[in-house]
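Numbering (the working numbering), first residue to last: 3 to 119. For glycine and all other residues, C-beta sits at the position ideal for the given N, C-alpha and C.
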């Protein structure tokens with residue numbers, strides 16, 4: 003996985019009315035491996051960051067992100083990085099919760115957008 007570009011938006015922007023960071027990622031070979039297809043990945047991620055269990059994600063309820071990690075083939079590495087960025091800030095006391103990951107239109111390339119303090 004490579005970070006192709008990093009942009010820091012310090013005020014209202016195209017993505018939100020507050021500050022966000024946008025990373026443009028090229029997943030490379032990881033594009034072929036969502037989380038549930040990598041043996042032990044989800045368990046190790048949750049061992050390192052157990053508070054990810056609290057993320058609601060698109061389900062809007064506690065455990066929603068873990069559900070996304072495990073259901074079907076799992077979720078993509080860009081989406082996982084989004085939640086990790088939010089959670090690591092939260093562990094420092096920052097009250098950030100916003101994030102979204104969207105394809106750029108190029109194979110294996112994604113914008114990962116998340117709020118920051």
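Return the CA-CA distance between residue i and residue j, expressed in angstroms with no decimal places.
i, j, result
"residue 58", "residue 68", "9 Å"
"residue 113", "residue 4", "12 Å"
"residue 53", "residue 8", "26 Å"
"residue 44", "residue 108", "26 Å"
"residue 31", "residue 50", "23 Å"
"residue 55", "residue 82", "13 Å"
"residue 72", "residue 106", "25 Å"
"residue 91", "residue 41", "27 Å"
"residue 13", "residue 101", "16 Å"
"residue 28", "residue 111", "4 Å"
"residue 93", "residue 15", "26 Å"
At a threshold of 7 Å, does residue i count as lining the ligand NAD (C-beta to nearest heavy atom)?
i, result
"residue 28", "Within the structure as shown, the ligand NAD is missing, as the structure has no ligands at all."
What whole-angstrom Cβ distance do residue i and residue j have, given they're in contact under 8 Å?
i, j, result
"residue 116", "residue 88", "5 Å"
"residue 6", "residue 26", "4 Å"
"residue 98", "residue 119", "6 Å"
Starting from residue i, trace the alpha helix (DSSP H) both ways and give me its first and last residue.
i, result
"residue 54", "Where residue 54 is concerned, there is no enclosing alpha helix (DSSP H), given that its DSSP letter is neither H nor E."
Could you spell out the range, first to last residue, of the beta strand (DSSP E) harbouring residue i?
i, result
"residue 12", "Run containing residue 12: none; DSSP gives neither H nor E here."
"residue 26", "22 to 28"
Please state if the CB of residue j and the CB of residue i are separated by a distance shorter than 8 Å.
i, j, result
"residue 37", "residue 66", "no"
Quick check on the DSSP output: what are the complete alpha helix (DSSP H) runs of length 4 or more inside the segment 61 to 112, in order along the chain? Within the segment 61 to 112, the complete alpha helix (DSSP H) runs of at least 4 residues are 66 to 72, 79 to 93.
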